[in-house]
Amino acid sequence: MASLRLQGLTKRFGDVVAVHELTLEVPSGELVALLGPSGCGKTTTLRMVAGFDVPTRGRIVLGDRDITADPPERRDCGMVFQHYALFPHLTVEQNVAFGLEMRGLRRPDVERRVGEILERVGLGGLGRRYPRQLSGGQQQRTALARALVISPRVLLLDEPLANLDAKLREEMRFYIRSLQREFHITTLYVTHDQAEALVLADRVAVLMNGRLQQVGAPEEIYHRPRTPAVAAFIGLTNLLPGRVTGRSGERLVLETPAGTVRAAGAPDLREGMEAMLSVRPEHIELDRPGEPASRDGVNRLRGVVQERTFLGSLIDFRVDVGGGVLLRVQGRGGAPQRVGEQVSVSFDTTAAWALPRREG
Amino acid sequence: MSVAEATVAPARPAGRVSGRHLLILPALAVLVVFFVAPYLNLLLISVMTPSPRAAYLRVLTLDNYARLVRDPFTWSVVWHTMWLGMATTALSLVLAYPLAYHLARSPRGARGALMVLVISPLLVGVLIRTYGWMILLQDTGLINQLLRALGLRTVPLMYNNLGVLIGLTHVFIPFMVLSIAGTIQGVDPELELAARSLGAGAWRAFWRVTFPLSLPGVIAGTVLVFVLTVSSYVIPSLLGGFTVLTIPILVVRTITELFNWPGGSALAILFFAITLGALWVYLRLAGRTGRTT
Amino acid sequence: MLRRGERVWLNAAVALVYAFLLAPIVIVVLAALNAGAYLRFPPEGLSLRWFVAFAQSRSFTRSLAFSLKLAATATVLSTVLGTMASLWLVRFGGRLRTTLRILLTAPLAVPGILTGIALLIFFYALGWGKTGFGGLVIGHTLICIPYVFLITSAVLVRFDQSLEEAARNLGASPFATFRRVTLPLIKGGVISGAIFAFVTSYDEFNISLLLSGVGNTPLPIQLFDYLRFSFDPTAAVAGTISIAMAVVVVLLTQRLVGLESLYMGGG
Chain A
2 MASLRLQGLT KRFGDVVAVH ELTLEVPSGE LVALLGPSGC GKTTTLRMVA
52 GFDVPTRGRI VLGDRDITAD PPERRDCGMV FQHYALFPHL TVEQNVAFGL
102 EMRGLRRPDV ERRVGEILER VGLGGLGRRY PRQLSGGQQQ RTALARALVI
152 SPRVLLLDEP LANLDAKLRE EMRFYIRSLQ REFHITTLYV THDQAEALVL
202 ADRVAVLMNG RLQQVGAPEE IYHRPRTPAV AAFIGLTNLL PGRVTGRSGE
252 RLVLETPAGT VRAAGAPDLR EGMEAMLSVR PEHIELDRPG EPASRDGVNR
302 LRGVVQERTF LGSLIDFRVD VGGGVLLRVQ GRGGAPQRVG EQVSVSFDTT
352 AAWALPRREG
Chain B
187 MSVAEATVAP ARPAGRVSGR HLLILPALAV LVVFFVAPYL NLLLISVMTP
237 SPRAAYLRVL TLDNYARLVR DPFTWSVVWH TMWLGMATTA LSLVLAYPLA
287 YHLARSPRGA RGALMVLVIS PLLVGVLIRT YGWMILLQDT GLINQLLRAL
337 GLRTVPLMYN NLGVLIGLTH VFIPFMVLSI AGTIQGVDPE LELAARSLGA
387 GAWRAFWRVT FPLSLPGVIA GTVLVFVLTV SSYVIPSLLG GFTVLTIPIL
437 VVRTITELFN WPGGSALAIL FFAITLGALW VYLRLAGRTG RTT
Chain C
858 MLRRGERVWL NAAVALVYAF LLAPIVIVVL AALNAGAYLR FPPEGLSLRW
908 FVAFAQSRSF TRSLAFSLKL AATATVLSTV LGTMASLWLV RFGGRLRTTL
958 RILLTAPLAV PGILTGIALL IFFYALGWGK TGFGGLVIGH TLICIPYVFL
1008 ITSAVLVRFD QSLEEAARNL GASPFATFRR VTLPLIKGGV ISGAIFAFVT
1058 SYDEFNISLL LSGVGNTPLP IQLFDYLRFS FDPTAAVAGT ISIAMAVVVV
1108 LLTQRLVGLE SLYMGGG
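Okay, here's the thing in structure tokens:
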């Protein structure tokens, strides 16, 4: 196995900068998810790694080899395309054998390895079918088998689950994860689906407008976003503007339009700086006012319920906490608060996360 | 491995860049050498001096054009050609539109079969189809045999404008159908339903909704058929006999029978100019009515 | 949408136009199979005597063979050149795309008879005189290229390029990718293009009229000369052969690419 390193990768299409100075490492055997909204440059990045687009600047290093200028066929990257790109005129077996034939393997070896991998992905017995005779999930597994059978040094996946229905998508997530672990293959996984990225990846790289926003373990990305854009993109969150006015132990003290709040925060935040406060709806609790007084380590604000939406297992509230701030709060199903009711809103100081206002 | 930052785009291997252009080169060469160059040569010869002893003299002159433009005979042939073009275009439009409408609104399976009926005549050589018409139209042909059997007078159907018109219309209907059917298919049938629910009869719903929306196809089709008609040679010469003279026929005679290359070339160039001019006028008129309706 | 009564009128009108379209073609076949020298009502019975007459006519069989040889040559040339050009134009056309598309289809837009004249004069100017077979091949290739180009382009536009990327990704060189993936998938379009080219060349009249000479007479020119003096049904046999060919072509094209793509698919 080999690590994949992107160094200062930049791609311009005319005046449009699709990818800007992207530096990223996929360590050997790890799965890194490249996550971002559509048009953020993630697919362009993948295409540059595969050799379909030529970078304007920067380098791509696989293991100890610079592959920036290599043609696609000499890169040893297995790729699974968004629409699978299975050859419609070839059977499943012939599709999977294609890469091995290109490598000049002898017929018996090709047959043996194709048989093994088809067995492994659960397509034994379907080898004689044509792609159009397969279900979406089977096509997906054929594409995976075709990419894996050549024992590539790196596996590239371009939104591989985007064309499956919701239930199958969830199943395939775990399936891909287990295959990747088993083959212990360095993997770059492009997706716009944050849940997919969080479930699958060892590390998540968030890309926006062609710029890398943050790289980290899924939990770090979720709980400790480095920019407001990342916080807003990953999961649901409430973002409140504020100013750092001091420190209280390990916590920062922020003045927000809704009142004073204590919060954990990025280490580079100092007193007097403009900040953004992120509080996730599921971390906020609603009580009737006057119930158990403020404990240490808990922020408490007063508000009025503006909207109440029933979502089944959850109830979605919008609470006006003053200063023009509407907080989104998720209460358990059966939460008794009504529209117009006075409530108290509370969340742990560790659940509130302050980050610098300026985009990073 | 050197870790110095690469600042320039890695160059593609040179072979790949020039290699792909080899794809277009042969076709381009054939077209430039054997299509563009011959026409430029034609243009050049049209300003050379005719000579009874050689193909032409290398003396530049505009006399060929001046002679053509001053000769009323030229204009009678031009007028005849344009008249045939307009009459054929109008007739094929009237006959082709119902066909196109029917084709576009047929269920998918039937459409394939109908397409076969429309396209097949296109693939039978013009000469063969003309021959078919000769069997039908000549004085002793099937139609006149029928008239005689019914005790009626026979009608001259061939070696006149009527025969040419029938033959040309027959040849160009498929082109008209194909141009129009595409746009009708793009018109949502529900629009007509909407018009009828608002109180329009079938005819008015068609005339006020579908027809205006199919105009782009009608314009494309009429332009195509007009151009093809005024350029045609076989049908006017076989079905028209010696009575029908069009510009292409005159060009061929001037060059292959009178051996007047400069004069024939000038007439050919004049033909292009007149055809383009006629199209320009037509498209302007079409554009104007398109805007007012 | 029409109600039943309205539909009857439309169908009647449409049937009449179809009858008009097919009449001369049917008549040619009937004339070839008719026993008499003239088509008459009632017909004088079926006979193959005109087919025999056709087969025994030296001038007809010679020009039939010549036409087939000419069409085959022009088909090979125009199919290769047209397919290559459409590959280039669809993939890498860039800024020149529109201009080149117009140039490649231009031979269809200008009168064939004038192209014939221009070529005739051009060949003389080059000192080639009547070039016989070579000149005819050039002229026919010119007329056939647009058909191949248009039909293969229609197929290529719909071609999913990620299939080629997948092949490259699996280690195939550009050439291997073309041979193993692209070509098998666009084969239908290329074959239809070739078939159209063949029929176009086989039936081509205008260019042949000007460029053919003694000993180099394609069938349509032979027929043209024949029809000026005689109506005897030997000509109808040649027509019937051409019609049979057209039927085969239409059915093949319908199977391979679908006729609708000829006016819808190209976009």
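Protein chains in written order, with our numbering: chain A, 2 to 361; chain B, 187 to 479; chain C, 858 to 1124. Don't be surprised by glycine CBs; every beta carbon is placed ideally from N, CA and C. Note that this is a predicted model, so its numbers are computed, not measured.
- Restricting attention to C:Val994, C:Leu944, C:Ala1103, C:Glu863, the CA atom closest to the CA of Arg315 of chain B is found in C:Ala1103.
- Per DSSP, Phe14 of chain A is one residue of the beta strand (DSSP E) stretching across 5-14.
- Here DSSP, grouped into helix, strand and coil, assigns Asn210 of chain A to coil.
- In the DSSP assignment, Ile316 of chain A falls within the beta strand (DSSP E) that extends over 315-321.
- Taking the Cα of Arg113 of chain A as reference, the smallest distance to any Cα among A:Val122, A:Leu127, A:Ala98 is reached at A:Ala98.
- Going by DSSP, Met268 of chain B is part of the alpha helix (DSSP H) stretching over 258-290.
- Rounded to whole angstroms, the separation of the alpha carbons of Phe1081 of chain C and Phe259 of chain B is 27 Å.
- In the three-state DSSP reduction, Arg301 of chain A falls in the strand class (E or B).
- According to the DSSP secondary-structure assignment, Val81 of chain A is paired through a beta bridge with A:Leu158.
- When DSSP states are grouped into helix, strand and coil, Asn164 of chain A belongs to the coil group.
- Judged by beta-carbon spacing, Leu101 of chain A lies beyond the 9 Å limit of Val155 of chain A, meaning their Cβ atoms are not closer than that value.
- Residue burial annotation: Arg212 of chain A is buried, with at least 16 other C-beta atoms found within 10 angstroms of its C-beta.
- In this structure, the beta-carbon distance from Ala367 of chain B to Glu378 of chain B does not fall below 9 Å.
- The residue among C:Gly996, C:Ile970, C:Gly991 with its C-alpha nearest the C-alpha of Ile433 of chain B is C:Ile970.
- The beta-carbon of Arg76 of chain A is placed less than 9 Å from the nearest beta-carbon of chain C.
- Per DSSP, the beta-bridge partners of Val205 of chain A are A:Ala34, A:Gly217.
- Among the CB atoms of chain A, none fall inside 9 Å of the CB of Arg1036 of chain C.
- Segment contact: the segment 864-880 of chain C against the segment 263-272 of chain B, fewer than three CB-CB distances shorter than 8 Å; contact not assigned.
- Excluding residues up to 5 positions away in sequence, Thr92, Val93 lie with their Cβ nearer than 7 Å to the Cβ of Arg130 of chain A in the same chain.
- Using a CB distance cut-off of 9 Å, Thr442 of chain B counts as an interface residue toward chain C.
- If you check the CB distance, Pro360 of chain B and Pro422 of chain B do not come in under 9 Å.
- Annotation: Leu63 of chain A to Ser4 of chain A spans about 6 Å, alpha carbon to alpha carbon.
- Residues of chain B with a Cβ closer than 7 Å to the Cβ of Ala982 of chain C are, in chain order, Asn227.
- Straight-line measurement puts the Cα of Leu327 of chain A at about 22 Å from the Cα of Tyr223 of chain A.
- In this structure, C:Gly939 is the residue among C:Leu1068, C:Arg952, C:Leu1013, C:Gly939 with its C-alpha nearest to the C-alpha of Thr962 of chain C.
- Residues of the segment 332-362 of chain B with a Cβ closer than 8 Å to any Cβ of chain C, in chain order: Leu332, Ala335, His356, Ile359, Pro360.
- At least 9 Å separates the CB of Gly1070 of chain C from every CB of chain B.
- Boundaries of the beta strand (DSSP E) harbouring Arg244 of chain A: 239-249, taken from the DSSP string.
- Contact between Pro448 of chain B and Asn227 of chain B fails: their C-beta atoms lie close to 12 Å from each other, not under 8 Å.
- Of the candidates B:Phe412, B:Ile305, B:Phe358, B:Ala223, the residue whose Cα lies closest to the Cα of Gly463 of chain B is B:Phe412.
- A distance below 7 Å between beta-carbons, with the five flanking residues on each side excluded, links Val1038 of chain C to the following residues of its chain, in chain order: Leu1020, Glu1021, Ala1024.
- Taking the beta carbon of Ser1099 of chain C as reference, the chain B residues within 7 Å of it are Val310, Gly311, Ile314, listed in sequence order.
- The Cβ atoms of Asn164 of chain A and Pro132 of chain A do not sit closer than 9 Å to each other.
- The alpha helix (DSSP H) runs lying completely inside the segment 122-196 of chain A and spanning 4 residues or more are 137-149, 167-184, given in chain order.
- Trp319 of chain B is classed as buried because its beta carbon has at least 16 other beta carbons within 10 Å across all chains shown.
- A check of alpha carbon separations from Val886 of chain C across C:Val874, C:Phe877, C:Tyr875, C:Phe908 identifies C:Phe908 as the nearest.
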